[in-house]
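These notes are about the structure you will find just below.
In the numbering used here, the protein residues as written are 597 to 839.
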C-alpha cells in the first residue's frame, strides 16, 4: 500500500504544474490509463477470440445437433474444436479480472486513515470541491446535490450514464448480429436480456465507493467503450439493430 501511495504521489507531483489542486485526481486518471494500456494486449486477444467464436458458431450449432442426446460428448467435441482453432472461451474474462487488484488498491488507499503507521496525506486532496476520500453521501451531507462536491458527482454520473447507454446499444447490436447456434441453453434467454443492462451498474458503484475509486471506474469504463469500438469495428451490425 505504501508503494502504491508513493506512485500516486509521484504522478501527482509530475502533473502539479498542469492541474494544480486537482493533480492527484489527474494522477488517478493517468494511473488508470496505464493499467488499461498494460492489459490492452489481452483485450486484443479477447476481441480475436470473440470474432473466432462468432466464426465458429455454425460449426458449434452442428455439434449441438449431432450430440444433442450426449452432453458429455458435446462438451468434449466443443473443447476439441476450440483447441483445434486455438480459441480460448475464457479469454474475454482476463482483461476485467486483471483490473480488479488495481481497483481494490485504489479503494483501500482512499479508505484508509493511515498508511504504514502514518496519516494518509492523500485524503487531503480533492477534485475541485470534492475530497477524493469522500463518497456521494458525504457530498449530499455537505452542500447537497448542487453543492460543489455534488456537482462533481453529477458530472461523473452524466459521463457514466452516457457511456452505459452507448454500451447498452452496442451490446444489443452485437448480440443481434451474432449468428444462431442452435437451441439456447436453459437460462440463456434471461441472461441475454440482462447482459446489456450491466453497464448501468457502474452508476451504483460510483455512488458508494470513495471518489478516487469512482474516478478509476469512470476512466476505465470510458476506456473500455472506446477500446471496444476500435477492436470490434469490423464486427457485423444488422440494420434492424440500429433502429
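Every residue, glycine too, gets a C-beta built ideally from N, C-alpha and C.
Inset, instruction - Name, in chain order, the residues that DSSP records as bridge partners for residue 710. - result: In the DSSP output, where bridge partners are listed per residue, residue 710 has 715.
Inset, instruction - Tell me whether the beta-carbon of residue 719 lies closer than 7 Å to the beta-carbon of residue 729. - result: Their beta carbons are under 7 Å apart, which means residue 719 touches residue 729 by this criterion.
Inset, instruction - May I ask you to list the residues that DSSP assigns as paired with residue 630? - result: Per DSSP, none; premise fails for residue 630.
Legend entry - Reduced DSSP category for residue 806 - H, G, I as helix; E, B as strand; rest coil: Residue 806: coil per DSSP, three-state reduction.
Inset, instruction - Let me know the secondary structure DSSP gives residue 726 once reduced to three states. - result: In this structure, residue 726 counts as strand in the three-state DSSP scheme.
Inset, instruction - Given a cut-off of 7 Å, decide if residue 694 and residue 600 are closer than it, judged by their beta-carbon atoms. - result: Residue 600 is not a Cβ neighbour of residue 694, given a cutoff of 7 Å.
Legend entry - Nearest-angstrom Cβ-Cβ length linking residue 756 and residue 701, presumed shorter than 8 Å: So it is not a contact: roughly 21 Å between Cβ atoms.
Inset, instruction - Go through its chain and collect everything with a Cβ distance to residue 721's Cβ below 6 Å, but skip five positions before and after it. - result: Sequence-distant partners of residue 721 (beyond 5 residues in either direction) whose C-beta falls short of 6 Å from its own C-beta, in its chain, are 620 and 728.
Legend entry - Contacting residues, own chain, Cβ-Cβ under 8 Å from residue 631 (five flanking each side not counted): Short of 8 Å from the beta carbon of residue 631, and not among the five residues preceding or following it, lie these beta carbons of its own chain, in chain order: 695, 698 and 816.
Inset, instruction - Would you kindly report the start and end of the unbroken alpha helix (DSSP H) that includes residue 598? - result: Bounds of the alpha helix (DSSP H) holding residue 598 are 598–615.
Legend entry - residue 813 versus residue 691: straight-line alpha-carbon distance, rounded: If I take the Cα positions, the gap works out to 14 Å.
Inset, instruction - Determine, using beta carbons only, whether residue 611 and residue 629 come nearer to each other than 7 Å. - result: No.
Legend entry - Under 7 Å between C-beta atoms of residue 748 and residue 726: Yes; because the gap between Cβ atoms is below 7 Å, this pair is in contact.
Inset, instruction - Take residue 618 and list the residues in its own chain whose beta-carbon comes closer than 7 Å to its own, dropping the five residues that flank it on each side. - result: When the five nearest sequence neighbours on each side are left out, the beta carbons in the same chain lying within less than 7 Å of the beta carbon of residue 618 are those of 723 and 724, in order along the chain.
Inset, instruction - To the nearest angstrom, report how far apart residue 717 and residue 738 are at their CA atoms. - result: Roughly 21 Å separates the two Cα atoms.
Legend entry - Burial state of residue 675, where buried means 16 or more other Cβ atoms lie within 10 Å: With fewer than 16 other Cβ atoms from the protein chains shown falling within 10 Å of its own Cβ, residue 675 counts as exposed.
Inset, instruction - Label residue 598 either buried or exposed according to how many other C-beta atoms from any shown protein chain fall within 10 Å of its C-beta, with 16 as the threshold for buried. - result: Residue 598 is exposed by the Cβ-count criterion.
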